[in-house]
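>
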Amino acid sequence: MTSTSLRPPVAPLPEPKGYPLVGNALDYRLHPLDFYTHCAELGDMVRLRFGKHPVYFVNHPDLIKSVLVTHGACFMGRAAGRESRFFDPLFGHGLAVSEGTFWRRMRRLVQPVFQRQHLAAYGDIAVTLAQAELATWPRAQWLGIRDRTTRLTRKIVAKICFGEAGITHFTSINTVLDAALAEYDHRDRNWLLYLLPEHFPTPSNRRYQQAAKDLDVLLYDLIATQRRTQADDGSMLTQLLQVQDDTGAGMSDREIRDELVNVVIGHDTLSDVLGWAWWQMAQHPEVEAQLVAEWQTVLNGRSPTLADLPQLTYTERVITETLRLYPLAWVTGRVCTQACEIDGHPIHPGENVVMCQWVTHYDPRFFDQPHEFNPDRWAPETAKHLPPYAYYPFGGGARACIGRGLTMMETVLLLAEIGQRFCLHPFPHQTITPHPGPSFSLRPQPALQMELLSR
Ligand code: HEM
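If you count by the working numbering, then the sequence shown holds residues 81 to 535, one letter each, in order.
#1: Between the segment 137-147 and the segment 427-442, can you find at least three pairs of beta-carbon atoms closer than 8 Å?
#2: Between the Cα of leucine 494 and those of Pro467, Pro526, Leu371 and Tyr442, spot the shortest distance and give me the residue it belongs to.
#3: Taking 7 Å as the limit between beta carbons, can you name the residues of its chain near glutamine 324, skipping five residues before and five after?
#4: Determine, using beta carbons only, whether alanine 245 and threonine 305 come nearer to each other than 8 Å.
#5: Given 7 Å as the limit, tell me if leucine 408 has its C-beta closer than that to any heavy atom belonging to the ligand HEM.
#6: Taking the beta carbon of alanine 496 as the centre, do at least 16 other beta carbons fall within 10 Å, making it buried, or is it exposed?
#7: From glycine 355 to alanine 220, what distance separates their C-alpha atoms?
#8: Look at the alpha carbon of glycine 56 and the alpha carbon of leucine 128, and state the distance between them as a whole number of angstroms.
#9: Flag glycine 475 as yes when its Cβ comes closer than 7 Å to any non-hydrogen atom of the ligand FAD, and as no otherwise.
#10: Are the segment 98-107 and the segment 117-137 touching by the rule of at least three beta carbon pairs closer than 8 Å?
#11: Consult DSSP for cysteine 503 and reduce its assignment to one of helix, strand or coil.
#12: Under the rule that 16 or more other beta-carbon atoms within 10 Å means buried, what is tryptophan 222, buried or exposed?
#13: In terms of alpha-carbon separation, which member of Lys235, Ile247 and Asp268 lies closest to phenylalanine 167?
#14: Counting C-beta neighbours from all protein chains within 10 Å, is the total for valine 126 16 or more, i.e. buried, or is it exposed?
#15: Would cysteine 481 pass as a contact of valine 344 if the rule is Cβ separation under 8 Å?
#16: For the segment 513-528 against the segment 339-353, do three or more pairs of beta-carbon atoms, one drawn from each stretch, fall closer than 8 Å, so that the two count as touching?
#17: Which runs of the beta strand (DSSP E) spanning at least 3 residues fall entirely within the segment 109-166, listed in chain order?
#18: Determine the DSSP secondary structure at histidine 515, reduced to helix, strand or coil.
#19: Cβ of alanine 357 within 8 Å of Cβ of isoleucine 399?
#20: Tell me which same chain residues have a C-beta within less than 7 Å of the C-beta of serine 252, skipping the five on either side of it?
#21: List the residues that DSSP assigns as beta-bridge partners of tryptophan 222.
#22: Which residues does DSSP list as the beta-bridge partners of glycine 413?
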C-alpha cells in the first residue's frame, strides 16, 4: 500500500500534551519510540516542546525530503552546545559532527575512500577475518552474540582503517573504545547527568576523558608511523594521508584522527544489523531456507566476494528489511539556520526539526503489515511503488551516510559467509525488544543469547 498525498496542512499544528517547564522532554526521555509513534498519530507535522523551544516533528516522506533535500541548505546537523562539547573528546570534528565549509571540505576529501574500487578489498578483509574469528567461537553453547559480533566488526574496521597495524594494536584499540563508549552509554542511561556541565569531574566523566586521551595517544602514534614509513597497504589511513583539496593541501593528523574515529564508531552499528538479521531469521525459518538456497546456488560453499553481490539479491533484501524494522539511526535532527517553510509552516533560525526513521518505517500508509518481517517487499516490482523517504535508514540529502555502500556490502557478505557455515539459534522463549541507545543504536534488549551450530 503506498500513498504520497499529503493531508491538508493543519494550522495551528497539533501538539502532544506536555508538562509545565519541561514540555514533552520527559515523555521523550522515558519512552522515545512510543513517544514519537504517539505524536505521529496527531499528524504529518507536529509541534513539540522540549524545554522552552519548539521542535517540529515531520513524519510524512514528502516532508522529510523537504527538510533533508529540498530545503537541506536551510539546516545544519546539530546545534553547538553543551551536549556537542561532551562528544568532542571522542568524535573531534569528524564528518558526523561538523558543519559548514569545514564539513564540505572534509566530505570531499573523505568520500573517495568509500568508493567502489576500494570496497572489494574491504569485503575481502571482512570475509577473511570472519573465518578466523568464527573458528574461535565455542560451538553448542549460549553466547552473548553482540560481544562476539562487535569484536569481529571492530577487527574488520581496525584492519580497513589501519592495515596490519590495526590488527597488531587491536587489543589496545578495542579496550580504549570500550572504555570511552561505556561512559557514553552511562551518560545516556543516567540522563540527569545532562544537568551538570559537560566537563564536571564525575568519576564517569574522568574515565571518559581518560579513555579519549588514551585513544588519541594510540591513533596519533599509528598516524605518525604511517607518515614515516609511507607503506602503501591500501588502508583508509594510507589513503587519507595522500588526499589533497583543490589548493593542494592535505589533511592534518588531527583531521585524519577525527575521521577515522568516526568511521570506527560508525562501523560498530554493523554488529547490531547482523544480530537483528539472525534474530529475524530464527523467527522465520522460511526466510532462512530461502537464504540457504540462494547461498547454495550462488556460492556453493565458497566464500563470497564483492563480485557475487549482484546475485545475492535475497540476502540483500533480508538486510534491507532488517534495517526497516530496526533502523539503527532511528531518529535524525536538523537545526534551522535560514528561515524556510515546511508544508506551509514557517521555521525560524534556531528552531529544530526532527524526523524519526522508526515511525516512518512502520507507517501502514507505505508498508503493508508493517510489523511483519517480509524481505519480499523489497522485490523491485513492489519496492518501486514506495515514495522516496518512506525508507531512509541512511538519512538523505548532502549529509546522507557516507558508510552506506560499505555497510550494505559488508553485512551481505558476512551474513552469507557466516550463514553458509553456521546456524545461530536464539535462546528459547526470549522476548527481545529494540532499545534506543545513544546516538546510532537500536540494541536488542535483553542482549541476544544465541547458540552456534555447524550447518
Ligand atoms: C547500519 C549502519 C549505519 C546506519 C543505519 C547509518 C546511518 C546514518 C545516517 C542516518 C546518517 C545521517 C545522519 C544525519 O542526517 O544527520 C549517517 C551519517 C554518517 N554515517 Fe552512517 N550509518 C551506518 C553505518 C555507517 C558506517 C559503517 C560508517 C563508517 C564507515 C558511517 C559513517 C557515517 C558518517 C561519517 C556520517 C556523517 C556524514 C556527513 O554528515 O557527511 N555510517 N549514517
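By construction, the Cβ of each residue, glycine as well, lies at the ideal position given by its N, Cα and C atoms.
Concretely, from the data shown:
#1: yes
#2: Leu371
#3: Gly330
#4: yes
#5: yes
#6: buried
#7: 18 Å
#8: This structure cannot settle anything about residue 56, because the visible part of the chain is limited to 81 through 535.
#9: As presented, the structure is devoid of the ligand FAD, carrying the ligand HEM as its sole ligands.
#10: yes
#11: strand
#12: exposed
#13: Asp268
#14: buried
#15: no
#16: yes
#17: 125-130 and 133-138
#18: strand
#19: yes
#20: Leu298
#21: Glu531
#22: Val434
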